[in-house]
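Presented below is the structure to which this report refers.
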């Protein structure tokens, strides 16, 4: 928090406009959409709610297939199940850890008529989004872009969140900017965001009495929460710069170790939300060793997201992989990254001394 957030919160209190909705919500939608470079936004209670309404928007129903990034957090894919859809998980590539375009093409060969494709920009690193978008356009399938972790990241100079027909942001407590909790659905199609706002306010029709022709949800963001977001958005670029400094510090410090930092392509610029690394397979040091070693110093590291095709809740869902690089122990790129990867402490409030302590602790383990 920087203090600017309080001026918007105070304005909400001073005008006695705490909830529902209000000026902060309207302005936050406008400001966030403008930053990303899309026309319209719908501020909601979470990124998951935004994904749910995006999936509903493209008409996913019972038994419909939806192609999803395999290496991601469950929130990306759970909303497919809310609408009765069936996830088909698409493997990653080693260049970005994101959805592999070749695997996506293979998925279309097996399932020619999916209802949508959901691509994630993992840990703030842009996927090969132009290739993925072109494949979706070739097959006339809508692209939903999960930019929850990548706000401020760019691909060929264009913001992530601006490539899909629908895209999603998250302002959860751990994201690059936070509203404490919240999310946003973005689109250049005004009717899409207006429909999302309608569903998000219990699908109440425009009658004096309470009239409902569709099932609705209590998904709209409050005026207080949106005020925090407006204040945070002012500092997004400085947060990205601070995150990049942490990533570069780790990259330089570990350059002589048998590890690689989470990669990105030369035509992209991540927001460096989380600094992660993958350990060379022939090395005995494990992610668990690093997590335990840092825990002794009261510093938190975490495993890479466990791939969705390995999650018990999605047992039986199909998984598409076409890895063109040898993987020693497993056939899936996403599984290989999970087995050997670790998310390092990436908090922009870390002092230089704390960062050096983390680096020294990791180096000693090797």
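Residue numbers (my numbering): 156 to 521. All C-beta atoms in this analysis are idealised placements derived from N, C-alpha and C, irrespective of residue type, glycine included.
Sub-8 Å separation of residue i and residue j beta-carbons
i, j, result
"residue 308", "residue 425", "yes"
"residue 335", "residue 398", "no"
"residue 521", "residue 412", "yes"
"residue 338", "residue 199", "yes"
"residue 196", "residue 340", "yes"
"residue 279", "residue 172", "no"
"residue 244", "residue 432", "no"
"residue 325", "residue 201", "yes"
"residue 269", "residue 222", "yes"
"residue 488", "residue 169", "no"
"residue 503", "residue 454", "no"
"residue 495", "residue 436", "yes"
"residue 486", "residue 476", "yes"
"residue 442", "residue 497", "yes"
"residue 167", "residue 177", "yes"
"residue 299", "residue 194", "no"
"residue 276", "residue 332", "no"
"residue 348", "residue 371", "no"
"residue 297", "residue 271", "yes"
"residue 377", "residue 205", "no"
"residue 420", "residue 225", "no"
"residue 290", "residue 274", "no"
"residue 311", "residue 219", "no"
"residue 456", "residue 510", "no"
N-terminal and C-terminal residue of the alpha helix (DSSP H) that residue i is part of
i, result
"residue 382", "378-388"
"residue 193", "Counting along the chain, residue 193 falls outside any alpha helix (DSSP H), and DSSP gives it neither H nor E."
"residue 161", "159-169"
"residue 401", "391-408"
"residue 488", "488-495"
"residue 366", "First-last for residue 366: undefined, no H or E at that position."
"residue 352", "345-355"
DSSP-derived helix/strand/coil call for residue i
i, result
"residue 304", "coil"
"residue 374", "coil"
"residue 474", "strand"
"residue 278", "helix"
"residue 510", "helix"
"residue 176", "coil"
"residue 309", "strand"
"residue 315", "coil"
"residue 327", "strand"
"residue 287", "helix"
"residue 334", "coil"
"residue 481", "Its pLDDT being 47, under 50, residue 481 is placed unreliably in this model, and the coordinates cannot settle the point."
"residue 517", "helix"
"residue 358", "coil"
"residue 156", "coil"
Range of the contiguous beta strand (DSSP E) that encloses residue i
i, result
"residue 416", "414-416"
"residue 503", "No beta strand (DSSP E) holds residue 503; DSSP gives it neither H nor E."
"residue 342", "338-342"
- Message: I'd like the ranges of any alpha helix (DSSP H) spanning at least 4 consecutive residues and lying wholly in the segment 425-467.
- Response: Whole alpha helix (DSSP H) segments, 4+ residues: 442-450.
- Can you give, in chain order, each stretch of the alpha helix (DSSP H) that sits fully within the segment 201-261 and has at least 4 residues? Uninterrupted alpha helix (DSSP H) stretches at least 4 residues long and entirely within the segment 201-261 occur at 202-212 and 233-237, given in chain order.
- Query: Can we say the segment 383-392 touches the segment 401-416, given the rule of at least three CB pairs closer than 8 Å?
  - Reply: At 8 Å Cβ cutoff, the stretches do not touch.
- Item | the segment 303-317 in contact with the segment 244-264 per 3-pair CB rule at 8 Å | Contact fails: fewer than three Cβ-Cβ distances are below 8 Å.
- On the three-pair Cβ rule with 8 Å, is the segment 237-247 touching the segment 180-190? The segment 237-247, when compared against the segment 180-190, does not touch it at the 8 Å Cβ threshold.
- Item | Touch test, the segment 347-366 against the segment 223-230, Cβ-Cβ under 8 Å, three pairs minimum | In short, these stretches do not touch, since the Cβ pair count stays below three.
- Query: Would you say the segment 441-454 touches the segment 203-222, given that touching needs at least three Cβ pairs under 8 Å?
  - Reply: The segment 441-454 makes no contact with the segment 203-222, as fewer than three CB pairs between them are under 8 Å.
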